């Protein structure tokens, strides 16, 4: 199956700093990538949809100025958590849909990033 | 009403038994249904997807869909300790032009040796 690479796997940072998370589709082109957040024992919550070459679409309640998304190419999307606070500590997961399969409903997930803000 | 509901569990079954995981959804127009398995600290991995009413079998896994009852289930036959994980039910929203999934909270499955 398709491979989505996500880095870093975990990051610890001080409150007030910014953290960048990368999501790459390794063997396919992804016009659309999705960013999810998961708190312990909770479901995956969609934060935003990242579209190559255009602005991301954010879900209600997600601050676009705090969670900056850039989808500069067909294989790379980045999520930057700006001015991170302890409440931003969570498991962040990206996923991608294969551009070549328009009706393929299957998403391919990255390995996730555990963010801990001190 | 939550869009996708699952019993959080844990569901405990002995090795070799059949595990039955259930999921209900609120949007009657939902079109596609997915089961993902998620090990602790890891990202989800797709097990099965189903579009049509009835059963779909893949190895030890069977997905069952009943759109009239807005119910989808996953059966795991001959359960193994390695099946112990959280199983997430996901539903594709009606009308979305791309694969935006709504996830349930997941059911934790524990298979004891």
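Residue numbers (my numbering), protein chains in the order written: chain A, 35 to 152; chain B, -2 to 110. Here a beta-carbon is modelled for each residue, glycine too, at the ideal position from N, C-alpha and C. Note that the structure is predicted; figures quoted are calculated from it, not measured.
- When Cβ-Cβ separations below 8 Å define contact, residue 64 of chain B makes no contact with chain A.
- In the three-state reduction of the DSSP assignment, residue 122 of chain A falls in the helix class.
- A buried status is given to residue 34 of chain B, since no fewer than 16 other beta-carbon atoms sit within 10 Å of its beta-carbon.
- Within the same chain, 80, 81 and 82 come within 7 Å of residue 93 of chain A by CB-CB distance, once the 5 residues on both sides are set aside.
- Look at residue 51 of chain B: its C-beta is not under 8 Å from any C-beta on chain A.
- For the pair of segments examined, the region 63 to 81 of chain B was found to touch the region 16 to 24 of chain B: the number of CB pairs separated by less than 8 Å reaches three.
- Taking the Cα positions, residue 73 of chain A is about 12 Å away from residue 150 of chain A.
- Put simply, the CB of residue 41 of chain B is near chain A, with a gap under 8 Å to one of its CB atoms.
- Contact note: residue 103 of chain B reaches chain A through 77, using a C-beta cutoff of 7 Å and chain order.
- Measuring C-alpha to C-alpha distances from residue 49 of chain A to each of A:97, A:147, A:126 and A:122 identifies A:122 as the nearest.
- Residue 83 of chain B: member of the beta strand (DSSP E) spanning 82 to 89, first to last residue.
- Contact annotation, residue 113 of chain A with residue 55 of chain A: C-beta distance approximately 5 Å; criterion of less than 8 Å satisfied.
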